[in-house]
Amino acid sequence: MRKAILILPLLLAGALLVACTAAPSAPATSSARAESASASAPGATDAAGGATCTYTADGQAARPVALPPQAGVPDSGTAVASIALGAATVRVTLDRAATPCTVNSFLSLARQGFYDGTACHRLVDGPGLFVLQCGDPTGTGSGGPGYAFDDELTGSETYPAGTLAMANAGPGTNGSQFFFVYADSQLPPNYTVFGHTDAAGVAVVASIAAGGQDRAYPDGSGRPVEPATIVGVTEG
Numbered sequence: 001m002r003k004a005i006l007i008l009p010l011l012l013a014g015a016l017l018v019a020c021t022a023a024p025s026a027p028a029t030s031s032a033r034a035e036s037a038s039a040s041a042p043g044a045t046d047a048a049g050g051a052t053c054t055y056t057a058d059g060q061a062a063r064p065v066a067l068p069p070q071a072g073v074p075d076s077g078t079a080v081a082s083i084a085l086g087a088a089t090v091r092v093t094l095d096r097a098a099t100p101c102t103v104n105s106f107l108s109l110a111r112q113g114f115y116d117g118t119a120c121h122r123l124v125d126g127p128g129l130f131v132l133q134c135g136d137p138t139g140t141g142s143g144g145p146g147y148a149f150d151d152e153l154t155g156s157e158t159y160p161a162g163t164l165a166m167a168n169a170g171p172g173t174n175g176s177q178f179f180f181v182y183a184d185s186q187l188p189p190n191y192t193v194f195g196h197t198d199a200a201g202v203a204v205v206a207s208i209a210a211g212g213q214d215r216a217y218p219d220g221s222g223r224p225v226e227p228a229t230i231v232g233v234t235e236g
């Protein structure tokens, strides 16, 4: 599995740096990729109703999970999920209409307990970028669900406070890692925005960010000092 990373614009140097230093696992073999779903584009209309999504085998899963459903994926309206983050809860509204395949994957992983007991491994506290990155059970930034899927982008994405978006390692490399935006942030429109949280949810993440981070990564970001562990994710 390629490590799912948020590409961070280093504003002072004008360079691009990756978030984490852990080495990625070996890529999936051609035989593993052949076991993936059909080659329909993410979000394509399914004649039977709903969207058709493609999830392609990609390395070893950090925890064993089944592939998400790939046909008849709900592609209208929203879904609500509650993310137990330590002793607090962040409620998120997920955009099925704009990002059906991303929401489908996130909820599938949640139902299988993939996120349970997972520490959020990266906090970025400026300048210009304010995010808490989660979703890797290994806590290294290199773990994922053993599959990848394409971006669901319009090219006009913005990242204000409350945004919930996917981390990635380049186009078409979405897996399990995602990030909360706790203050308005500057990013290119390369990260699928699949939901948002309200002011109460932003306050939960901002309180974690207020505790600082250990600057463990070369770009100046690091692991949050305050505990930031996803206890579990439930629908509703």
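Following this note's numbering, the numbering of the sequence shown begins with 1 at its first residue and continues without gaps.
Every residue gets a Cβ at the ideal spot worked out from N, C-alpha and C, and that includes glycine.
- Asp151 and Gly172 have their C-alpha atoms some 6 angstroms from each other.
- The beta carbon of Val205 sits closer than 6 angstroms to those of Leu132, Phe180, Tyr182, all from its chain and outside the five residues before and after it, given in chain order.
- The DSSP-derived three-state label of Gly195 is strand.
- A check of alpha carbon separations from Thr56 across Leu67, Glu226, Arg111 identifies Leu67 as the nearest.
- Taking C-beta separations shorter than 6 angstroms and ignoring five residues to either side along the sequence, the partners of Glu157 in its chain run Pro189, Val193, following chain order.
- Assignment of Cys101 by DSSP, reduced to helix, strand and coil, places it in the helix class.
- Secondary structure note for Asp95: its beta strand (DSSP E) is the uninterrupted segment 88-95.
- Per DSSP, the unbroken beta strand (DSSP E) holding Gln133 starts and ends at 130-134.
- Under the three-state reduction of DSSP, Gly201 is assigned to helix.
- Straight-line measurement puts the Cα of Val103 at about 14 angstroms from the Cα of Arg91.
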